[in-house]
Every structure is written in C-alpha cells, then in structure tokens.
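To start, the structure itself, in structure tokens.
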Amino acid sequence: MSIKRHIPNLVTLLNLFSGCIALIFAVNSNFVAAAFFVFLGIFFDFFDGLLARKLNVQSPLGIQLDSLADLLTSGVVPGVIMFKLIALATDTSDFSYANDWSTGMQWDAFKMPLLPLIGLFIALASAYRLAKFNLDEDQQSYFKGLPVPANTLVILSLPLILEYQNSDIMNAIIINKWFLIGITLLSCYLLNSKIKLFALKFKNWGFKDNAVRYIFLVLSVVCLIVLQFAAIPIIIGLYIILSLLTRAQIK
Numbered sequence: 586m587s588i589k590r591h592i593p594n595l596v597t598l599l600n601l602f603s604g605c606i607a608l609i610f611a612v613n614s615n616f617v618a619a620a621f622f623v624f625l626g627i628f629f630d631f632f633d634g635l636l637a638r639k640l641n642v643q644s645p646l647g648i649q650l651d652s653l654a655d656l657l658t659s660g661v662v663p664g665v666i667m668f669k670l671i672a673l674a675t676d677t678s679d680f681s682y683a684n685d686w687s688t689g690m691q692w693d694a695f696k697m698p699l700l701p702l703i704g705l706f707i708a709l710a711s712a713y714r715l716a717k718f719n720l721d722e723d724q725q726s727y728f729k730g731l732p733v734p735a736n737t738l739v740i741l742s743l744p745l746i747l748e749y750q751n752s753d754i755m756n757a758i759i760i761n762k763w764f765l766i767g768i769t770l771l772s773c774y775l776l777n778s779k780i781k782l783f784a785l786k787f788k789n790w791g792f793k794d795n796a797v798r799y800i801f802l803v804l805s806v807v808c809l810i811v812l813q814f815a816a817i818p819i820i821i822g823l824y825i826i827l828s829l830l831t832r833a834q835i836k
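With this note's numbering as the guide, the letters of the sequence shown map in order to residues 586 to 836.
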C-alpha cells in the first residue's frame with residue numbers, strides 16, 4: 586500500500602484542524618488568533634490539491650474531504666466572526682444562558698439576539714457553493730462564483746482592520762450593522778453567482794497567456810504594501826473587475 590496517496594489527505598486534515606482551532610478563538614472573540622489559523626488552513630488547502638496533482642493521487646475521497654475541511658475553515662469560521670461583528674455593531678451581547686444545568690435546558694434561560702444570526706448566512710452560502718463545485722465539471726480552469734477562501738479573506742480582513750489600521754473612518758464604516766449585513770448578503774450572492782472568475786493557475790509562464798494574472802498579482806502586492814489589511818477587500822474587488830473585463834478569454 587503506497588503511503589504517498591495519503592499525504593494530500595493528511596494536509597487536508599491539517600486544514601480542518603486549523604479550522605477547529607480558529608473556531609474556538611472566533612467563538613471567544615479572539616479574531617486575530619482566529620484569522621491566523623484560518624490563514625494557516627487556507628495555506629494547507631492550497632497545497633493539498635497541489636500535492637495530489639504532483640503525486641498523481643487525486644481521489645473522490647480527497648475531493649469530499651477537502652470540501653468538508655473548507656466548510657469549517659472558510660465557511661463556519663467567517664460566519665461566526667460576522668455574527669460577532671454584527672453583535673458588536675448592534676451593541677448586544679452574543680448570547681447568555683443559565684449556569685445551572687437543569688435550568689440551562691429550558692428555553693427561557695437561553696437568550697440570543699436575532700439580527701447577528703444573519704452573519705451565519707455566510708456558512709450556509711459557503712456550504713451550498715462547495716456542494717455545487719463538487720458536482721460541476723466545468724470549473725477546471727476557472728471559477729464560477731467567488732471561491733470560498735477568497736470570500737473568507739474579505740470577512741477576516743474586517744476585524745484585522747479594526748485591530749491594526751487605527752483609522753476612525755474605517756472603524757466607523759466596519760462597525761455599522763447595515764454595512765456588515767450588506768457585506769454578508771453580497772458575499773452570499775457572489776459565492777453562488779454565475780460570474781466566471783479566472784483561476785491563478787499558470788499553464789505556462791508566458792506573459793501573453795497570463796497577462797491578467799500577472800497584472801492582478803502586481804496590483805495586489807502594491808495594494809498590500811500601501812493599504813495593509815484594508816487592501817484585501819480591494820484586491821478581491823479588483824479580482825472580480827478584471828475577471829469581468831476579460832470574461833471572453835476565460836474558458
């Protein structure tokens with residue numbers, strides 16, 4: 586029995602493990618630590634598919650396992666973070682419950698604000714998008730709808746901007762319930778839209794065949810240097826705009 590066929594699945598499980606840790610931190614409102622482990626999970630998510638192709642050990646099990654790991658790391662975790670951000674913006678406690686076990690089992694001892702639950706729509710939309718992706722045989726060289734990890738980066742950038750950018754204007758925009766609800770609904774739409782987006786897969790290194798990819802990467806680096814975490818939503822927006830401008834070339 587070859588060991589190499591298990592290597593990509595092991596990397597996928599590291600993605601899932603990172604997502605589990607990120608979820609714990611997100612539930613406890615430690616967004617910076619949650620973001621770190623989500624980024625780590627996305628790193629593993631990138632390399633599991635790459636390893637599977639290089640080792641020529643792609644399998645239906647690996648495809649399903651990859652989606653399950655992505656659902657937690659790039660679906661549930663950003664959903665919980667958005668739930669927390671909306672709760673913060675509406676100045677409500679996340680939830681409360683009775684400490685006594687017998688009382689805690691009663692509904693009247695459990696309190697949860699309703700509006701922040703909208704943030705969890707991100708998890709639902711991500712699950713639907715991942716399920717569709719597994720059944721779609723067309724998305725080999727391009728994406729149909731925003732990839733789940735890309736959407737996750739946008740959501741995670743919000744608390745990181747609050748933590749590190751030190752901008753009153755950006756803080757006021759982010760801690761606005763209508764802005765957060767709008768971002769949530771836009772995310773759900775983009776995840777499951779029919780917009781064709783180019784994939785960052787290079788069949789060769791020639792500029793002619795990969796002009797849009799090179800332009801995107803250069804502009805992304807410049808934005809990150811200048812704007813730091815605030816660049817992430819702009820980069821994803823740029824990704825969508827460039828894809829729309831070159832949609833005739835996306836196949």
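Quick reminder that beta carbons are idealized off the backbone N, C-alpha and C, glycines included.
Check: Expressed to the nearest angstrom, what Euclidean distance is found between the alpha-carbon atoms of residue 729 and residue 824?
Finding: Here residue 729 is taken as the residue at index 144 of the sequence shown, counted from 1. Here residue 824 is taken as the residue at index 239 of the sequence shown, counted from 1. The straight-line gap from Cα to Cα measures roughly 13 Å.
Check: Got a sec: is the Cβ-Cβ distance from residue 808 to anything in chain B below 8 Å?
Finding: The question asks about chain B, but that chain is absent: this structure has only one protein chain.
Notebook entry, point to check: Are three or more beta carbon pairs between the stretch 653-667 and the stretch 624-637 nearer than 8 Å?
Noted result: As far as the Cβ criterion goes, the stretch 653-667 touches the stretch 624-637, which means the pair count is three or higher.
Note to self: Taking the alpha-carbon of residue 817 as reference, which of 644, 736 and 778 has the nearest alpha-carbon?
What the structure shows: Within the sequence shown, numbered from 1, the residue matching residue 817 stands at position 232. In terms of Cα proximity to residue 817, the closest of 644, 736 and 778 is 736.
Margin query: Can you tell me where the beta strand (DSSP E) holding residue 729 begins and where it ends?
Written below: Within the sequence shown, numbered from 1, the residue matching residue 729 stands at position 144. Going by DSSP, residue 729 is part of the beta strand (DSSP E) stretching over 727-729.
Next item on the list: Say whether the stretch 663-672 touches the stretch 698-706, bearing in mind that this needs 3 or more beta-carbon pairs closer than 8 Å, one atom from each stretch.
Entry: Verdict: yes, contact present.
Margin query: Let's see if you can read the secondary structure: which residues bound the alpha helix (DSSP H) around residue 788?
Written below: Reading the sequence shown from its first residue, position 203 is the one you call residue 788. Here residue 788 belongs to no alpha helix (DSSP H), and DSSP marks it neither H nor E.
Margin query: The alpha helix (DSSP H) that contains residue 669, what's its start and end?
Written below: As a working note, residue 669 is residue 84 in the sequence shown. From DSSP, the alpha helix (DSSP H) with residue 669 extends over 662-674.
Notebook entry, point to check: When burial is assigned at 16 or more other CB atoms within 10 Å of the CB, is residue 758 buried or exposed?
Noted result: Stepping through the sequence shown from its first residue, residue 758 is reached at position 173. Residue burial is scored here from C-beta neighbours: residue 758 has fewer than 16 other C-beta atoms within 10 angstroms and is therefore classed as exposed.
Notebook entry, point to check: Which class does residue 779 belong to by DSSP, given the choice of helix, strand or coil?
Noted result: Your numbering for residue 779 matches position 194 in the sequence shown. Three-state result, residue 779: coil.
Check: Curious, which full-length alpha helix (DSSP H) runs of at least 4 residues does the stretch 693-761 contain?
Finding: Runs found: 706-720, 733-749 and 753-759.
Check: In three-state terms, what does DSSP make of residue 617?
Finding: Locating residue 617 in the sequence shown gives position 32, counting from the first residue. Residue state, collapsed to three classes: helix.
Next item on the list: With DSSP collapsed to three states, give me the class of residue 604.
Entry: For the purposes of this step, residue 604 is identified with residue 19 of the sequence shown, where counting begins at 1. Correct three-state label for residue 604: helix.
Notebook entry, point to check: How long is the line joining the alpha carbons of residue 809 and residue 589, rounded to whole angstroms?
Noted result: For the purposes of this step, residue 809 is taken as residue 224 along the sequence shown, with counting starting at 1. For the purposes of this step, residue 589 is taken as residue 4 along the sequence shown, with counting starting at 1. Cα to Cα, the separation comes out at about 37 Å.
Next item on the list: Assign residue 803 to one of three DSSP states: helix, strand, or coil.
Entry: Against the sequence shown, residue 803 aligns to sequence position 218. DSSP places residue 803 in the helix class (H, G or I) of the three-state scheme.
Notebook entry, point to check: If residue 740 sits next to residue 663, beta carbons under 8 Å apart, how far is it from one beta carbon to the other, in whole angstroms?
Noted result: As a first step, residue 740 must be located in the sequence shown, where it is residue number 155. As a first step, residue 663 must be located in the sequence shown, where it is residue number 78. Indeed, because the Cβ distance is near 4 Å, the residues count as touching under 8 Å.
Notebook entry, point to check: For the alpha helix (DSSP H) that contains residue 813, what are its first and last residues?
Noted result: Stepping through the sequence shown from its first residue, residue 813 is reached at position 228. Per DSSP, residue 813 lies in no alpha helix (DSSP H) and is assigned neither H nor E.
Next item on the list: Find out if the Cβ-Cβ distance for the pair residue 742, residue 792 is shorter than 8 Å.
Entry: Counted from its first residue, the sequence shown places residue 742 at position 157. Counted from its first residue, the sequence shown places residue 792 at position 207. Against a cut-off of 8 Å, the Cβ pair of residue 792 and residue 742 comes out as no contact.
Check: Where residue 649 and residue 719 are concerned, what is the direct C-alpha to C-alpha distance, given to the nearest angstrom?
Finding: As a position in the sequence shown, residue 649 is number 64, starting the count at 1. As a position in the sequence shown, residue 719 is number 134, starting the count at 1. Residue 649 and residue 719: Cα-Cα distance of roughly 8 Å.
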